[in-house]
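Notes for the one structure printed next.
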Amino acid sequence: MKERVQRQGFGLPGSLLLLGAFVLLWHFEILPDGYWGEFFLLWPFWLAATAASLLLSRLHPWAGSLAALGIMAGALAGAWWVADSDDRKPILPVTPESISLPLGGVQTAQVNLTVSSGVLALSGGAPSGQLLVGRFEGMAFPAAQYSVRVGTAGDRQTLEVNLQGSWEVAFPPERPISNGRWKLQHASGVPTDIGVYGGATTLDLDLQGLNVRSLIVEAGAADIAVALPASAGRTDASFMLGAGSLDIRIPAGVAARIELEGGVSSVDIDTARFPSQGDGRYASPDFGNAANRVTITIGTGAVDITVR
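This is the structure we're talking about:
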């Protein structure tokens, strides 16, 4: 073994050790989300490390090994810096994508959003005359893609929006590898039923200014923050999650009834506003008479839940 190292160097084993160390950092959640997406974008450095090892090893095995390790360490550290930078800029150019769907004569709507990974932010504030607008921000490989199917029956419109904002790779699992972010805005005054379906993703749903009649969220390993409508009358909300976290914000003046199903890692519910009724049920004292109220059903695996 000593003779082999002296003859061939230690560039490949050393690079694998470095990579393994960073995988451990990832699993301990020390590396930022988006790290592996940035690292994969630096694939030219991998070629440079291989070339340096092959060329310089002809002079001395250690020279090629040290050069390869230095280049690989630089790529790993550089990806960390880019993924953790607030003012990061794309390493490779990304073609921007945008969505613009006119309101027309629509009076009610059904919006189904499917996002495989990355980040989805949904809020009100669509410009006048638009039902749904949005754009892709950040970086991804390949560039962001989407498809939209629109169906209209009378004054009701159904939107099927499929968003892809990151490079889908099975390893490492359960956390998004891209900093890609879809930011959508919906018309505030249109009564709407919303469905959001995702995998390993991050969802930021600010529905306070929307007239949401029903909300369905189904996701795998997801981190979800949702602010429910402030003045939509009655809203039914259902959440089905495999793992991750769920942070629900209920505006002041809105009553709620909450029902928990399935296994839960931890639950933090404001029992001053929503006293426990036993058996995983909570409810506002004035729920039956409230002008604005939400019914929340949560079915989960191992999820940390906060309701405020």
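First residue of the sequence shown: 14, per our numbering; consecutive thereafter.
Glycine included, every Cβ here is placed at the ideal spot set by N, Cα and C.
For residue i, which of the options has the nearest alpha-carbon?
{"i": "Ile112", "options": "Val280, Arg148 and Gly202", "result": "Arg148"}
{"i": "Pro264", "options": "Leu241, Ile229 and Ala88", "result": "Leu241"}
{"i": "Leu44", "options": "Leu68, Leu31 and Trp94", "result": "Trp94"}
{"i": "Glu231", "options": "Leu216, Ala250, Asp217 and Tyr210", "result": "Tyr210"}
{"i": "Gly233", "options": "Ser289, Ala250, Gly257 and Ser227", "result": "Gly257"}
{"i": "Phe58", "options": "Met85, Leu68 and Leu79", "result": "Met85"}
{"i": "Tyr159", "options": "Ser129, Arg286 and Asp217", "result": "Ser129"}
{"i": "Thr215", "options": "Leu259, Asp206, Ser227 and Thr205", "result": "Leu259"}
Taking the beta carbon of residue i as the centre, do at least 16 other beta carbons fall within 10 Å, making it buried, or is it exposed?
{"i": "Phe52", "result": "buried"}
{"i": "Thr165", "result": "exposed"}
{"i": "Arg194", "result": "buried"}
{"i": "Ala250", "result": "buried"}
{"i": "Phe41", "result": "exposed"}
{"i": "Glu110", "result": "buried"}
{"i": "Gly131", "result": "buried"}
{"i": "Ser289", "result": "exposed"}
{"i": "Leu69", "result": "buried"}
Kindly list the residues whose CB is nearer than 6 Å to the CB of residue i, restricted to its own chain and excluding five residues on each side of it in sequence; keep chain order.
{"i": "Gln120", "result": "Asp168"}
{"i": "Ala243", "result": "Gln221 and Pro264"}
{"i": "Gly208", "result": "Asn125 and Ile229"}
{"i": "Thr308", "result": "Asp249 and Arg270"}
{"i": "Ala139", "result": "Val146, Gln198, His199 and Ala200"}
{"i": "Asp299", "result": "Ala268"}
{"i": "Ile311", "result": "Phe252 and Leu273"}
{"i": "Val203", "result": "Ala122"}
{"i": "Val174", "result": "Leu126 and Val161"}
{"i": "Ser227", "result": "Asp206 and Asp249"}
How close, in whole Å, do the beta carbons of residue i and residue j come, if the pair is a contact with beta carbons under 8 Å?
{"i": "Ala81", "j": "Ala96", "result": "So it is not a contact: roughly 23 Å between Cβ atoms."}
{"i": "Ile237", "j": "Val280", "result": "No, Ile237 and Val280 are not in contact; Cβ-Cβ is about 15 Å, not under 8 Å."}
{"i": "Thr127", "j": "Leu176", "result": "7 Å"}
{"i": "Ile261", "j": "Val320", "result": "5 Å"}
{"i": "Gln170", "j": "Leu144", "result": "7 Å"}
{"i": "Leu29", "j": "Leu89", "result": "Wrong, their Cβ atoms sit about 12 Å apart, outside the cutoff."}
{"i": "Gly246", "j": "Asn305", "result": "6 Å"}
{"i": "Val163", "j": "Leu116", "result": "No, Val163 and Leu116 are not in contact; Cβ-Cβ is about 12 Å, not under 8 Å."}
With DSSP collapsed to three states, give me the class of residue i.
{"i": "Leu29", "result": "helix"}
{"i": "Ile43", "result": "coil"}
{"i": "Pro140", "result": "coil"}
{"i": "Ala76", "result": "helix"}
{"i": "Thr121", "result": "strand"}
{"i": "Ser279", "result": "strand"}
{"i": "Ala304", "result": "coil"}
{"i": "Glu10", "result": "Any question about residue 10 goes unanswered here, given that the chain covers just 14 to 321."}
{"i": "Ile112", "result": "strand"}
{"i": "Ala166", "result": "strand"}
What residues in its chain sit with their C-beta under 8 Å from that of residue i, if we drop five residues either side in the sequence?
{"i": "Gly137", "result": "Gln198, His199, Ala200, Ser201, Asp219, Leu220, Gln221, Gly222 and Leu223"}
{"i": "Thr284", "result": "Tyr295"}
{"i": "Gly293", "result": "Glu272, Leu273 and Glu274"}
{"i": "Gly314", "result": "Leu254, Gly255, Ala256, Gly275 and Gly276"}
Which residues in the same chain have their Cβ closer than 7 Å to the Cβ of residue i, if we skip the five residues on either side of it in sequence?
{"i": "Ala92", "result": "Tyr48, Glu51, Phe52 and Leu55"}
{"i": "Lys196", "result": "Ala134, Gly147, Arg148 and Glu150"}
{"i": "Ser141", "result": "none"}
{"i": "Asp99", "result": "Model confidence at Asp99 stands at a pLDDT of 48, short of 50, so the residue's coordinates are unreliable and nothing is read from them."}
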